[in-house]
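Which chain is which? The protein sequence lines are C and E, in order. Throughout the first sequence, residue numbering follows my numbering, covering 1 to 322 in sequence. Throughout the second sequence, residue numbering follows my numbering, covering 323 to 644 in sequence. All remarks here apply to the structure that follows.
Protein chains: 2
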Amino acid sequence: MKSLSETQIIRILTNQFSGQPGIPLDFGDDVSAIPFSSKTWIIVKTDMLVGSTDIPPGMTIEEAARKSVVATVSDFAAKGVRPQALMVSLGLPAPVKKKTVQDIARGLRQAAREYRCKMIGGDTNQADDLIIDIAGIGIANPKTLVRRNGARPGDIIAVTGLFGKTSAGLGILTSRREKDLAKYPSLVRAVRRPRARLAEGIILAKSSGATSSIDSSDGLAWSLHQIARSSKVGINLHTIPIASDVQRFAKEHRLSALDLALYGGEEYELVVTIRPEKFHHSKKRVPSLTRIGIVEKQSFGVWAHLAGKRTQVKERGWEHFS
Amino acid sequence: MKSLSETQIIRILTNQFSGQPGIPLDFGDDVSAIPFSSKTWIIVKTDMLVGSTDIPPGMTIEEAARKSVVATVSDFAAKGVRPQALMVSLGLPAPVKKKTVQDIARGLRQAAREYRCKMIGGDTNQADDLIIDIAGIGIANPKTLVRRNGARPGDIIAVTGLFGKTSAGLGILTSRREKDLAKYPSLVRAVRRPRARLAEGIILAKSSGATSSIDSSDGLAWSLHQIARSSKVGINLHTIPIASDVQRFAKEHRLSALDLALYGGEEYELVVTIRPEKFHHSKKRVPSLTRIGIVEKQSFGVWAHLAGKRTQVKERGWEHFS
Numbered sequence: 001m002k003s004l005s006e007t008q009i010i011r012i013l014t015n016q017f018s019g020q021p022g023i024p025l026d027f028g029d030d031v032s033a034i035p036f037s038s039k040t041w042i043i044v045k046t047d048m049l050v051g052s053t054d055i056p057p058g059m060t061i062e063e064a065a066r067k068s069v070v071a072t073v074s075d076f077a078a079k080g081v082r083p084q085a086l087m088v089s090l091g092l093p094a095p096v097k098k099k100t101v102q103d104i105a106r107g108l109r110q111a112a113r114e115y116r117c118k119m120i121g122g123d124t125n126q127a128d129d130l131i132i133d134i135a136g137i138g139i140a141n142p143k144t145l146v147r148r149n150g151a152r153p154g155d156i157i158a159v160t161g162l163f164g165k166t167s168a169g170l171g172i173l174t175s176r177r178e179k180d181l182a183k184y185p186s187l188v189r190a191v192r193r194p195r196a197r198l199a200e201g202i203i204l205a206k207s208s209g210a211t212s213s214i215d216s217s218d219g220l221a222w223s224l225h226q227i228a229r230s231s232k233v234g235i236n237l238h239t240i241p242i243a244s245d246v247q248r249f250a251k252e253h254r255l256s257a258l259d260l261a262l263y264g265g266e267e268y269e270l271v272v273t274i275r276p277e278k279f280h281h282s283k284k285r286v287p288s289l290t291r292i293g294i295v296e297k298q299s300f301g302v303w304a305h306l307a308g309k310r311t312q313v314k315e316r317g318w319e320h321f322s
Numbered sequence: 323m324k325s326l327s328e329t330q331i332i333r334i335l336t337n338q339f340s341g342q343p344g345i346p347l348d349f350g351d352d353v354s355a356i357p358f359s360s361k362t363w364i365i366v367k368t369d370m371l372v373g374s375t376d377i378p379p380g381m382t383i384e385e386a387a388r389k390s391v392v393a394t395v396s397d398f399a400a401k402g403v404r405p406q407a408l409m410v411s412l413g414l415p416a417p418v419k420k421k422t423v424q425d426i427a428r429g430l431r432q433a434a435r436e437y438r439c440k441m442i443g444g445d446t447n448q449a450d451d452l453i454i455d456i457a458g459i460g461i462a463n464p465k466t467l468v469r470r471n472g473a474r475p476g477d478i479i480a481v482t483g484l485f486g487k488t489s490a491g492l493g494i495l496t497s498r499r500e501k502d503l504a505k506y507p508s509l510v511r512a513v514r515r516p517r518a519r520l521a522e523g524i525i526l527a528k529s530s531g532a533t534s535s536i537d538s539s540d541g542l543a544w545s546l547h548q549i550a551r552s553s554k555v556g557i558n559l560h561t562i563p564i565a566s567d568v569q570r571f572a573k574e575h576r577l578s579a580l581d582l583a584l585y586g587g588e589e590y591e592l593v594v595t596i597r598p599e600k601f602h603h604s605k606k607r608v609p610s611l612t613r614i615g616i617v618e619k620q621s622f623g624v625w626a627h628l629a630g631k632r633t634q635v636k637e638r639g640w641e642h643f644s
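Following this line, the structure appears as structure tokens:
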């Protein structure tokens, strides 16, 4: 039997809850908001890590627990909001070993410290699958929160780092090829110890030049399409920043480095659009920021002009149930 | 291999996170809090429903989804706080049928309407087990929030309803005995369509007589022990309000109605301690409130004096991994 896709599932759910009054942020945005006052919104995000689908071979439970926090923090980063507190809901297959729980606790603590969040509570349950569901809670001024839908023609598209590392790293981990594991430590590390761009996201939101933002956790191509659709704009890329190890790895294995960079996932960079007159200032504050293209009118779609060739960027990325 | 118990798991996790500054509510309390100002705390609670362990035969997916919200709302009820918003994280085994998602969406919407919460967002994932993890978010004045640890000797112990229905109902559903299903609809309904005592909890918190409160979701006995331990008091019961259908069912099946009432679970009544001079006022505002005992000094433990007999109430209840 064909399964519903993640997109179809989300559509059924959002249809059921559309039309509720007093919800200030689109269901489609990276985080959710509860208005508290004109200057204050409570921001919430939940992100579930599932053992059977989200932990590749070679990743420890401690790393998986740390990563579950990184995934939630990354969505806050994209909005320029600091998550103050975290809640954790655990589903654990029985029998539960002491070491498993200790490893989870250590991974969570590590991440909470890295991003200076407090772990304030949670819930523990028996389940057939390992589940680590993280809820992040923060406070934001709605004026500085960067939405998905603010990109305007003429804005610069920029990203905070290089792409392709996690899809290459995931390939290495799942193939368990010893040689590659030793040869490409940076690619493996990108999967096992990802980082959220929280500091960068907060700076970009404060600099007031960012018009839209999303993280690249479902892949660069997917993220670009989300910005294009939410903002009703087109996107024209003139470069894709690919990590040099990804280039090497792709060449060795006859893969397309471009595909690895565009259609990966679990890569927690930020994809932002910035007003052109503010880009220089933003780049000075966030040195990792790289200009990759320009926002165009809606009819355009998402295209890349690379080495004199015009390539369509497909709306494809990391999707569950696919 | 023997599994860690839920209590042991929680201990490992809380040990890892104890000593964080600025956490105003005990890890052991029903909800978690983030201080926002002297008069405002953000209140958060997550509660995970797991398909393989939390959905008895005869309960529909729609009912399970509704119940997952009730469980979270019930913890807010115990603290006297209205949950304003809900987030849902789903884990769904593939292949995912349209009807499953529609049923989940309907169950969630129903509960959100009953308790006037807004569903503001969520996350969808593929998993080996059905997971419905609900996060509730609300705002509370720390002065009116009723903690677990405020019971004082002399306070009256009261509950909001009758007990034993869900453990009897669960027995009926798991045995699938057709005759009982027809004969005891109220017991089956208690499992399939539980209600959280949100209105009652908010009134009790506002009446300023409530000194401690907890819901009975892990069983009446367990809840009484939690209040006794957190508040460092003893508890002396003079009655256990048992539903008449539970009495009938217990008699017919030669079970102890008292055990069904004390050691059940998933029963979302409130267990509160109230200053004696305020009880009359509280009872007038919340007619379902029933006095079941009195708070004593710590050395006492939890006992019941029923029909001239002194019975120890054991610290036993609903625990995962047991």
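Even for Gly, the Cβ is constructed at its ideal location relative to N, Cα and C.
Can you list, in chain order, the residues of its chain whose CB lies under 6 Å from that of residue i, leaving out five sequence neighbours each side?
i	result
G301 of chain C	G234
E269 of chain C	V159, T160, G161 and S216
F27 of chain C	T14
S244 of chain C	none
V366 of chain E	S354 and I459
A462 of chain E	W363, I365 and V403
S508 of chain E	D567
M381 of chain E	R514
D369 of chain E	A393, T394 and I456
M409 of chain E	G443, G444 and A457
S489 of chain E	L582 and G586
Q610 of chain E	As written in the sequence, residue 610 of chain E is Ser, which differs from the Gln given in the question. T482 and G483.
T174 of chain C	P56
Helix, strand or coil for residue i per DSSP?
i	result
T14 of chain C	helix
S359 of chain E	strand
R632 of chain E	strand
R517 of chain E	coil
S374 of chain E	helix
T124 of chain C	strand
V70 of chain C	helix
S299 of chain C	helix
L526 of chain E	helix
V88 of chain C	strand
P507 of chain E	helix
V423 of chain E	helix
R291 of chain C	strand
K2 of chain C	coil
A543 of chain E	helix
Using a Cβ-Cβ cutoff of less than 7 Å, which residues in the same chain neighbour residue i once the five nearest sequence positions on both sides are dropped?
i	result
A257 of chain C	G164, I242, V246, Q247 and A250
I203 of chain C	R285 and V286
D502 of chain E	I494
R435 of chain E	none
Q548 of chain E	R470 and I536
So, residue i versus residue j, is the Cβ gap smaller than 9 Å?
i	j	result
F17 of chain C	R438 of chain E	no
A527 of chain E	T612 of chain E	no
I453 of chain E	G91 of chain C	yes
G136 of chain C	S223 of chain C	no
A550 of chain E	A473 of chain E	yes
I356 of chain E	V101 of chain C	no
V295 of chain C	A78 of chain C	no
A210 of chain C	I274 of chain C	yes
D581 of chain E	D128 of chain C	no
D445 of chain E	S534 of chain E	no
G541 of chain E	V513 of chain E	no
P464 of chain E	K361 of chain E	yes
A65 of chain C	D29 of chain C	no
R177 of chain C	P57 of chain C	no
S208 of chain C	K278 of chain C	yes
R197 of chain C	S74 of chain C	yes
Quick one: residues in its chain with C-beta nearer than 8 Å to the C-beta of residue i, no 5 flanking neighbours on either side, listed in chain order?
i	result
I614 of chain E	I479, A480, V481, L559, H560, T561, I562 and P563
W303 of chain C	G234, I235, N236, L237, R310, T311, Q312 and V313
K619 of chain E	P475, V555 and G556
Going residue by residue through the region 236 to 287 of chain C, where are the continuous alpha helix (DSSP H) segments of at least 4 residues, counting only ones entirely within it? If we require 4 residues or more, the alpha helix (DSSP H) runs fully inside the region 236 to 287 of chain C come out as 244 to 252, 257 to 262 and 276 to 285.
Contiguous beta strand (DSSP E) assignments of at least 3 residues, all confined to the region 448 to 502 of chain E: Counting only runs of 3 or more, we get 453 to 462 and 478 to 481.
Decide yes or no for the touch test of the region 40 to 55 of chain C against the region 94 to 107 of chain C: beta carbon pairs closer than 8 Å, at least 3 of them. no
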